[in-house]
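*Asks:* Residue numbers (this note's numbering): 4 to 380. C-beta: ideal position from N, C-alpha, C; glycine also.
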């Protein structure tokens, strides 16, 4: 299977280029490098659809070695998107996941996939995380599930915050709040006084040290909060170190820094694909000057450069469990990412749905009680 995966590279690229849903996280480089890093935790399942010996679609899926356990006793044979974050490390996130399908053949491929699921004794459910709500896939999946007499469930729907980029930096500045505009302008003046510079890694010879600087800044930020950073995981680090090189060589990496006193104080690890910028990871060291906010200012330089280069979006990706935080103040547009569950009808499934409804009801009651407590305080 790994050799077949490698050999799919050219076809994968051709299919993806035709897709209206294409994203950096659907590239062969992303999936294959992820698989190399995490293969000891999952079984690889690439389901390939053919029509007259032509590949029309690929479902990049994986399955844990052990069944998924719900409520302590329900066991499911579960398939997930490859790179969906179901690893031993929490919050290994890939947004904008999807099937790799030739445009115009989405319906054919999805119906065939769910027909396979219906007949397979090795699959009880398929969980598909972080699909764009603007994709045609969720609607077609629902239609196919109904036709195949399978359950279709939206498990969650979470917004991504992004900027639809205007023609000029000044146009964007005038579109944000007065408070953010002041912080950017005042901060840039202070950076200029301090001799600070914005720097983009442009040569492969600089990449290794730059990646180490990103790791150091990121880990410093999280360690200062008493938490582990993403680079604490050897697998996560290995995945991104290899991915960064592959994507740099394709012109799809933007690793940038804000330097003060000749030292980096902020780093942004961004990807570019299909005329869009995706902000993925960062690291900062706070500055003693209250007007110098390294993370905020570096984003401002990255956004300005994206506008200058003619990109159409600057995407902050999914907000995570802690809410919108700083991402909302930059954005002028939101796009939802949905998690979809497709499952077979069975007695086990009826018990699962019953328990899901009970626990959802209890969570709602708990939320109301906590809200009332806050009102009393």
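(1) Rounded to the nearest angstrom, what separates residue 227 and residue 197 at their Cα positions?
(2) Classify residue 171 as buried or exposed, calling it buried when 16 or more other Cβ atoms lie within 10 Å of its own Cβ.
(3) Among the residues of its own chain, which have a CB less than 8 Å from the CB of residue 273, if the five just before and after it don't count?
(4) Is it the case that the Cβ atoms of residue 59 and residue 108 are separated by a distance below 8 Å?
(5) Flag this pair as touching only if the stretch 25 to 38 and the stretch 242 to 250 have three or more C-beta atom pairs under 8 Å; answer yes or no.
(6) Quick one: give me the first and last residue of the beta strand (DSSP E) that residue 6 is part of.
(7) Could you work out which residue in 318, 130, 263, 360 is closest to residue 168 when comparing CA atoms only?
(8) Would you list the one or two residues that DSSP bridges to residue 241?
(9) Inspect the beta-carbon positions of residue 83 and residue 64 and report whether they are closer than 8 Å.
(10) Taking the DSSP output, what are the residues bridged to residue 72?
(11) Just tell me which of 118, 51, 14, 329 has its CA closest to the CA of residue 346.
(12) Have a look at residue 310 and residue 303 and give me their C-alpha separation to the nearest angstrom.
(13) Between residue 339 and residue 160, how many whole angstroms is the CB-CB distance? I'm expecting something under 8 Å.
(14) Where does residue 281 fall in DSSP's three states?
(15) Could you tell me which uninterrupted beta strand (DSSP E) segments, each at least 3 residues in length, are contained entirely in the stretch 187 to 264, listed from first to last along the chain?
(16) Report the residue ranges of all beta strand (DSSP E) runs contained in full by the stretch 295 to 344; include only those spanning at least 3 residues, in chain order.
(17) Quick one: grab the DSSP three-state call for residue 364.
*Replies:* Taking the structure as given:
(1) Counting only the Cα atoms, residue 197 lies some 25 Å from residue 227.
(2) Counting the other Cβ atoms within 10 Å of the Cβ of residue 171 gives fewer than 16, which makes it exposed.
(3) Closer than 8 Å at Cβ, skipping near neighbours: 256, 257, 258, 259, 280, 281, 282, 283, 305.
(4) Yes. Within cutoff.
(5) The stretch 25 to 38 and the stretch 242 to 250 touch, with no fewer than 3 CB-CB distances between them shorter than 8 Å.
(6) Not the beta strand (DSSP E): residue 6 falls in the alpha helix (DSSP H), residues 5 to 10.
(7) For the residues 318, 130, 263, 360, the minimum Cα distance to residue 168 belongs to 318.
(8) Answer by DSSP bridge pairing: none, since residue 241 is not bridged.
(9) Their beta carbons are under 8 Å apart, which means residue 83 touches residue 64 by this criterion.
(10) Residue 72 pairs with 78.
(11) Nearest option by C-alpha distance: 118.
(12) CA-CA distance, residue 310 to residue 303, rounds to 11 Å.
(13) Confirmed, Cβ separation roughly 5 Å.
(14) Three-state DSSP puts residue 281 in a strand.
(15) 200 to 203, 256 to 263, all fully within the stretch 187 to 264.
(16) Whole beta strand (DSSP E) segments, 3+ residues: 316 to 321.
(17) For residue 364, the secondary structure class from DSSP, reduced to helix, strand or coil, is helix.
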